Amino acid sequence: MSTESEARTAGDETAREQPPPEEERESNTLRVIGWLSVGVAVAAIGIFVGRELRSRYKFNHRDPYDFYAHAGEEQTGEFGMGV
């Protein structure tokens with residue numbers, strides 16, 4: 005068994021370690037696409053969490069006048085247009 009491992013030369017190991025340029029290019033492309041998808045996912049999660057935190061903050065910091073904001077009659081779009 006030791007003769008088999010000794011029979012391998014350094015040239016065989018380096019040839020096996022470095023993929024051909026086509027495979028390397030495909031690997032780099034897939035790696036870039038993977039990192040971009042991770043970045044987009046992180047940004048989407050950040051936007052969603054930020055929106056949720058802001059809506060909770062706004063809800064918890066209401067004042068009494070917010071309860072009366074929509075009281076009374078609602079005006080229509082034609083008010084003051086002479087229709």
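When we follow this note's numbering, the leftmost residue of the sequence shown carries the number 5, and every step to the right adds one. Glycine included, C-beta positions come from ideal geometry on N, C-alpha and C. Just so it is clear, the structure is predicted and the values come from calculations on it, not from any experiment.
Quiz item: Does the beta-carbon distance from Glu28 to Gln22 come in below 9 Å?
Solution: By 1-based counting over the sequence shown, the position of residue 28 is 24. By 1-based counting over the sequence shown, the position of residue 22 is 18. Cβ atoms of Glu28 and Gln22: closer than 9 Å.
Quiz item: Run through DSSP, which three-state label would Pro24 get?
Solution: To locate residue 24, count along the sequence shown from 1; it is residue 20. Coil, per DSSP.
Self-check item: Pairwise C-alpha distance: Val36 and Val44
Solution: Position 40 of the sequence shown, counted from the start, is the residue given in the question as residue 44. Position 32 of the sequence shown, counted from the start, is the residue given in the question as residue 36. Taking the straight line from one Cα to the other gives about 12 Å.
Quiz prompt | Between the CA atoms of Tyr61 and Ile49 - distance to the nearest angstrom | solution = Looking up residue 49 in the sequence shown gives position 45. Looking up residue 61 in the sequence shown gives position 57. Taking the straight line joining both Cα atoms gives about 18 Å.
Quiz item: Where does Arg66 sit, in a helix, a strand or coil, going by DSSP?
Solution: Counting from 1 along the sequence shown, the entry for residue 66 is found at position 62. Looking at Arg66 - three-state DSSP - the assignment turns out to be coil, as it is neither helix nor strand.
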